[in-house]
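Everything in the sequence shown is counted per our numbering, starting at 42 for the first residue and increasing by one.
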Amino acid sequence: MTKLPSIVRAEPVIHGVLKVAFDDGYEGVVDLRPLIAVGKVFSWLNTPAHFAAVRIDDFGHSISWTDDTGYSVDLSADSISRDAERQAEMHRLMVS
């Protein structure tokens, strides 16, 4: 059985983009701007201060944001890791 990645650090690089570090040593950058732009549930993250309030949930299995009403949205560590790796590969292909 494969161990799921756990996030140990998540910090905004610019609005909509996070640098994330995982317990297996992998570090990557994930661009969430497309998700924020089209995902109605994420629309309040268009405010930079809201996006900057990202937090790592218990055990590092997801990151989340909580709005002013207490409603939370989250993204799994597995999906963040996969997206960061995919985006890094796309970037490598574009610049090579």
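Ideal Cβ positions, reconstructed from N, Cα and C, are used throughout, including at glycine.
{"Check": "Limits of the alpha helix (DSSP H) - the one that S84 falls within", "Outcome": "Unbroken run through S84: none, as it is neither H nor E."}
{"Check": "C-beta atoms of V58 and L76 nearer than 9 Å", "Outcome": "no"}
{"Check": "Cut-off 6 Å between Cβ atoms - residues of its own chain near E68, not counting five sequence neighbours on either side", "Outcome": "A62"}
{"Check": "Burial state of A118 (16 or more Cβ within 10 Å)", "Outcome": "buried"}
{"Check": "Spatially closest choice to G111 from R127, W85 and H56, by CA coordinates", "Outcome": "W85"}
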